[in-house]
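Read through the structure below, which is laid out as structure tokens, and then see the notes.
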Amino acid sequence: MLTKIANSGVDSRVVVWIREFLLGHTQRVRVGGQLSAEVTVTSGVPQGSVLGPLLFLAYINDIWRNMESTIRLFAGDCVIYRKIINNADMEKLQKDLDRLGEWAVENAMKINPSKSKAVCFMRAGVKDPLNYSLMGTLIPEVSSCKYLGIILCSDLSWADQVNYMVKKPGKHYISQCEY
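For the sequence shown, numbering that gives the first Met the number 0 gives the first residue as 0, with consecutive numbering after it.
What follows is the structure in structure tokens.
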């Protein structure tokens, strides 16, 4: 991470300051009444720090390079999508997934392919099954997925989102629409 920041043209004093912030942290865990021994933290950013999200964004700032598909990032979530009209579009999307995997390896970033989902959004019609992979793992096809707290359905309906919100305990929703 420090090499990436230093190579981006950031003032060397800032790089030294960030290095001092990141290095030398220890942690331990309490289970019940027992406290584990202290261990040195060798990667990552101290949890709950103000700088953590900023450093993460600086670290992943080039994740989109060489991508032909659209990529959206929010905190630790990443979505890649494109309009699929023909087989060439499907191949481009797979190539971008391959590029994402290569980026992760180059940057020592761990991506959990099992948390990835593939969804085809369309109103109606018959479609072929999706066959995408990330880092050698087939991405399972699902009919809906949750993104930034909203359930998106492949048929573009809001039924799953509405049902989820109605069943959510302790929440009251009042809406007024004027037409």
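Every residue gets a Cβ at the ideal spot worked out from N, C-alpha and C, and that includes glycine.
C-alpha gap between residue i and residue j, whole angstroms
i, j, result
"I17", "A158", "47 Å"
"C77", "V161", "24 Å"
"D95", "N86", "14 Å"
"M121", "D154", "5 Å"
"I59", "R12", "22 Å"
"G135", "M108", "16 Å"
"K166", "D10", "52 Å"
"S42", "N65", "27 Å"
"G75", "G32", "32 Å"
Beta-carbon proximity list for residue i, same chain, < 7 Å, skipping 5 on both sides
i, result
"R180", "With the chain running from 0 to 178 in the structure shown, residue 180 is simply not present."
"P45", "H24 and G51"
"A36", "R27"
"P128", "E140"
"K126", "C119"
Anticipated Cβ contact below 8 Å, residue i with residue j, distance rounded
i, j, result
"I62", "L72", "7 Å"
"L151", "V118", "7 Å"
"P112", "I79", "In fact, because the Cβ distance is near 13 Å, the residues do not count as touching under 8 Å."
Neighbour-count burial assignment, residue i, 16 or more Cβ in a 10 Å radius
i, result
"I99", "Looking at the sequence provided, one finds Leu at residue 99 rather than Ile. Counting Cβ neighbours within 10 Å, L99 comes out buried, since at least 16 surround it."
"I84", "exposed"
"S115", "buried"
"L147", "exposed"
"L133", "buried"
"L21", "buried"
Neighbourhood of residue i by C-beta, 6 Å cutoff - its chain only, sequence neighbours within 5 removed
i, result
"G47", "none"
"I110", "A103"
Close Cβ partners of residue i (< 8 Å) along its chain, the five nearest in sequence each way excluded
i, result
"V40", "H24, T25 and Q26"
"Y163", "I150"
"V38", "T25, Q26 and R27"
"S180", "This structure does not reach residue 180, given that the chain is present from 0 up to 178, and the question cannot be answered."
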